[in-house]
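Just so you know, we're using my numbering here: the sequence shown kicks off at 93 and counts up by one.
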Amino acid sequence: MATIKFAVDGKAVTVDADPNMPLLYALRNDLEMTNPHFGCGLAQCGACTVHLEGEAIRSCVTPLSAVVGKKVTTLKGLGTPKKPHPLQTAWVEEEVPQCGYCINGWIMTAAAFLKKHPKASDAEVRDALAGLKCRCGTHVSILRAIKRAQQQMA
93 MATIKFAVDG KAVTVDADPN MPLLYALRND LEMTNPHFGC GLAQCGACTV HLEGEAIRSC
153 VTPLSAVVGK KVTTLKGLGT PKKPHPLQTA WVEEEVPQCG YCINGWIMTA AAFLKKHPKA
213 SDAEVRDALA GLKCRCGTHV SILRAIKRAQ QQMA
């Protein structure tokens, strides 16, 4: 056990846990956050994606020791109800959500990618999102929403 200090969505947090424990478990169990989600536990689906210092990472395979003193941003911290992130707005406008389980991975991955590559082509966006899973099959709507947000962010 160790005392792990880091920031989540702009707030300082402390977790007493094994430094090898996945960040996802600390976020969901210790900090009682409802996002990100547990999907595969193998970094293959993206449901657990968060930003670590602005980079999209899979929290299910990131040990707590990797976040000491760093900033973690979850989907909740990406925007607010009064000022949502353009991707969050586009998701609603394009009526993307079905079950909603995968939204975390798609939005968080796209947000980190578009921040670095605001003028990315459709092919580059698709490549950046490779490996994310949506069992509801809303991929076309997802890509439409990302394109809409990309235009708003330009």
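Quick reminder that beta carbons are idealized off the backbone N, C-alpha and C, glycines included.
All figures in this text were calculated on a predicted structure; none of them were measured in a lab.
Check                                                                                          : Outcome
E185, enclosing alpha helix (DSSP H) - first and last residue                                  : P178 to E185
Cα-Cα separation, G223 to L235                                                                 : 14 Å
The stretch 95–114 contacting the stretch 154–162, beta-carbon criterion three pairs below 8 Å : yes
Stretch pair the stretch 214–228 + the stretch 166–183: three plus CB contacts closer than 8 Å : no
CB contact flag (L179, S151, <8 Å)                                                             : no
Start and end residues, alpha helix (DSSP H) containing D214                                   : D214 to A220
Beta bridge counterpart(s) of K208 as assigned by DSSP                                         : According to DSSP, K208 bridges with nothing at all.
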